[in-house]
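To convert a position in the sequence shown, counted from 1, into the working numbering, add 1. Quick reminder that beta carbons are idealized off the backbone N, C-alpha and C, glycines included. Before any comments, here is the structure.
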Amino acid sequence: MDKNICLVRPTLELKEKALEYRKEHFTHGENVINGSELFDKTDNYEEWLSGVTLNTNPKTVNENWVVTDTFFAVRENDNKIIGMIDLRHTLNEFLKDLGNCGYSVRPSERKKGYATEMLRQICNIAKGYGLPELKLSVTPGNLASVRTIQKNGGVYSYSFNFEGEEADVYIIKLGEGNV
């Protein structure tokens, strides 16, 4: 199995592959696509693309959000979108427990190590921006995501309730020697 993926920013050229990615989640009954910066809530790819592009810049970020880089994880051997991941450079009051990063892998490509590799790559990007750590939240029952976070050095920090559901927060230190 080829785990060679690269993180690429969304583009107009990736529209059809992105819509195919989203459709696979919906077909599997998943209406929330983590790490997609609301790609699961929009009907217009071009509007979504404009928003995620504006949110990469402190001068143009939505006033209700934070600077965020959103990426598709694209498998190099066939250019298939395998997943999505985002990196929030700072945390506002809403995000303080939810964390710096969300990610998802298309249902047909799960349990193959892609999420672990995506998170490893986003940790390196975050380290390049000078972030000392990443905070990630996960529901305790999502053992695949817990393992993904732990494989990238994540350590349990605390639990909180969000919309009536418990979630655990993990911290990945990004200092020298980590990730």
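Taking 8 Å as the upper bound for CB-CB distance, S146 and V156 are not in contact here, some 15 Å apart. Using a Cβ distance threshold of 9 Å, I126 and R76 do not count as a contacting pair. Taking all protein chains shown into account, P108 has fewer than 16 neighbouring C-beta atoms within 10 Å of its C-beta and is therefore exposed.
Nearest Cα to L39 within the set G176, E167, S51, A116: S51.
The three-state secondary structure of Y130, taken from DSSP, is coil. DSSP places S146 in the helix class (H, G or I) of the three-state scheme. In this structure, I82 sits away from C124, with a CB-CB distance that is not shorter than 9 Å. Between V68 and T57 the beta-carbon gap is near 7 Å, inside 8 Å, which marks them as a contact.
For T28, the enclosing alpha helix (DSSP H) starts and ends at 16–28.
Looking at V53, G176, V62, the one whose alpha-carbon comes closest to that of F73 is V53. Within the same chain, D41 come within 7 Å of V33 by CB-CB distance, once the 5 residues on both sides are set aside.
Secondary structure of D87 (DSSP, three-state): strand.
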